[in-house]
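Only one structure is covered here, and it is reproduced in the block below.
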Amino acid sequence: EAGVVQSPRYKIIEKKQPVAFWCNPISGHNTLYWYRQNLGQGPELLIRYENEEAVDDSQLPKDRFSAERLKGVDSTLKIQPAELGDSAVYLCASSLTSGRGNYEQYFGPGTRLTVT
Amino acid sequence: GQSLEQPSEVTAVEGAIVQINCTYQTSGFYGLSWYQQHDGGAPTFLSYNALDGLEETGRFSSFLSRSDSYGYLLLQELQMKDSASYFCAVRDEGRGSTLGRLYFGRGTQLTVWP
């Protein structure tokens, strides 16, 4: 079974430039998450989707961040314009919706973003 | 809100046993998860405890005491490959859009020496 796929793995951009991350979750997982992880910290949720619906996006900085999950499968996360403080690893995860789904999440390898 | 406390670092030698503690404060509680993350890698689910007591999975065990808001991850017969960060996590059981949100601790960096 294929895991969560993310691209790109690494991205270096100058501040004020736009950047986009792509995620393909595990087949059959209706719940998709985007996290940001700073060095030495645990992942922090940015947005959670149940199918196509963003059910928890209160921690997404909506002035510069946007996300979409068309057709309830793949998802993209965009930052425009990027700031120096956005440098972090952006993780995508997926899980089943039912049962202990939220507790058992499957993470992709992440995108390491460096803003210069 | 939710808060989790775990030690920032733990060191041990190969073959030893190590315990990583986690205390939490939540507005509601349903269970505690543990994740492992190697440097540059993805967090990987290790275990989930919804009931008090010890859950064993091979060399790893996880314990939960809901009355003490406390849990731990026990790693036995340590191997070099166990060097990684370990995160405990709790789920938001409140009402509203944050229901189901997973909150992670800051992580414990385990270093296993030969």
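Protein chains in written order, with the numbering used here: chain G, 155 to 270; chain D, 50 to 163. Ideal Cβ positions, reconstructed from N, Cα and C, are used throughout, including at glycine. Fair warning: this is a prediction, and the values are worked out from it, not measured in the lab.
Counting contacts by CB-CB distance shorter than 9 angstroms, is residue i in contact with chain G?
i: D/Ser146; result: yes
i: D/Ser82; result: yes
i: D/Phe112; result: no
i: D/Gly156; result: yes
i: D/Leu151; result: yes
i: D/Ser56; result: For the sequence presented, residue 56 of chain D should be read as Pro rather than Ser. By this cut-off, D/Pro56 is not an interface position.
i: D/Tyr97; result: yes
i: D/Phe78; result: no
i: D/Phe136; result: yes
Can you pull the chain D neighbours of residue i, defined as C-beta to C-beta under 7 angstroms?
i: G/Arg223; result: Those do not exist, as G/Arg223 stays about 16 angstroms from chain D at its closest Cβ, beyond 7 angstroms.
i: G/Gly196; result: Phe136, Phe153, Gly154, Arg155 and Gly156
Use the C-beta contact count for residue i: other C-beta atoms within 10 angstroms, 16 or more gives buried, fewer gives exposed.
i: G/Ser181; result: exposed
i: D/Ser128; result: The residue asked about is misnamed: residue 128 of chain D is Gln in this sequence, not Ser. Answer is exposed; the Cβ neighbour count stays below 16.
i: G/Ala156; result: exposed
i: D/Pro163; result: exposed
i: G/Tyr164; result: exposed
i: G/Gln234; result: exposed
i: G/Pro172; result: exposed
i: D/Arg108; result: exposed
Going along chain D, which residues have a C-beta under 8 angstroms from residue i?
i: G/Arg202; result: Gly149 and Arg150
i: G/Tyr260; result: Phe94
i: G/Leu186; result: None at all; the shortest Cβ gap to chain D is about 13 angstroms.
Between residue i and the ligand COA, is the CB less than 8 angstroms from at least one heavy atom?
i: D/Thr160; result: Although the ligand COA was asked about, the structure shown includes no ligands whatsoever.
Would you mind telling me which residues of chain G sit closer than 8 angstroms to residue i, beta carbon to beta carbon, in chain order?
i: D/Arg140; result: Asn256 and Tyr257
i: D/Gly90; result: Pro263
At the 9 angstroms Cβ level, is residue i part of the contact set with chain A, yes or no?
i: D/Gly64; result: Of the chains in the structure shown, none is chain A; the protein chains are G and D.
Between residue i and chain D, is there a C-beta pair that is closer than 9 angstroms?
i: G/Ala247; result: yes
i: G/Asp228; result: no
i: G/Ser161; result: no
i: G/Gln171; result: no
i: G/Asp211; result: yes
i: G/Leu231; result: no
i: G/Leu214; result: no
i: G/Leu269; result: Looking at the sequence provided, one finds Val at residue 269 of chain G rather than Leu. No, G/Val269 does not count as interfacial toward chain D.
i: G/Leu250; result: no
Give me the chain D residues within the contact set of residue i, using Cβ-Cβ distance strictly less than 9 angstroms, ordered along the chain.
i: G/Leu238; result: Within chain D, no residue comes near G/Leu238; the closest Cβ sits about 22 angstroms away, beyond 9 angstroms.
**Item:** Three CB pairs or more closer than 8 angstroms across the region 167 to 174 of chain G and the region 182 to 189 of chain G
**Value:** A contact between stretches requires three or more CB pairs, one per stretch, nearer than 8 angstroms, and the region 167 to 174 of chain G fails this requirement with the region 182 to 189 of chain G.
**Asked** Is the region 197 to 204 of chain G touching the region 146 to 160 of chain D, taking contact as three or more C-beta pairs under 8 angstroms?
**Response** yes
**Item:** Segment contact, 8 angstroms Cβ cut-off, at least three pairs: the region 220 to 228 of chain G with the region 65 to 85 of chain D
**Value:** no
**Prompt:** Below 8 angstroms, can you find three or more Cβ-Cβ pairs linking the region 67 to 81 of chain D to the region 241 to 251 of chain G?
**Reply:** no
**Asked** Any contact of the region 120 to 137 of chain D with the region 82 to 98 of chain D, i.e. 3+ C-beta pairs under 8 angstroms?
**Response** In short, these stretches touch, since the Cβ pair count reaches three.
**Prompt:** Counting pairs of Cβ atoms below 8 angstroms between the region 88 to 96 of chain D and the region 253 to 270 of chain G, do you hit three or more?
**Reply:** yes
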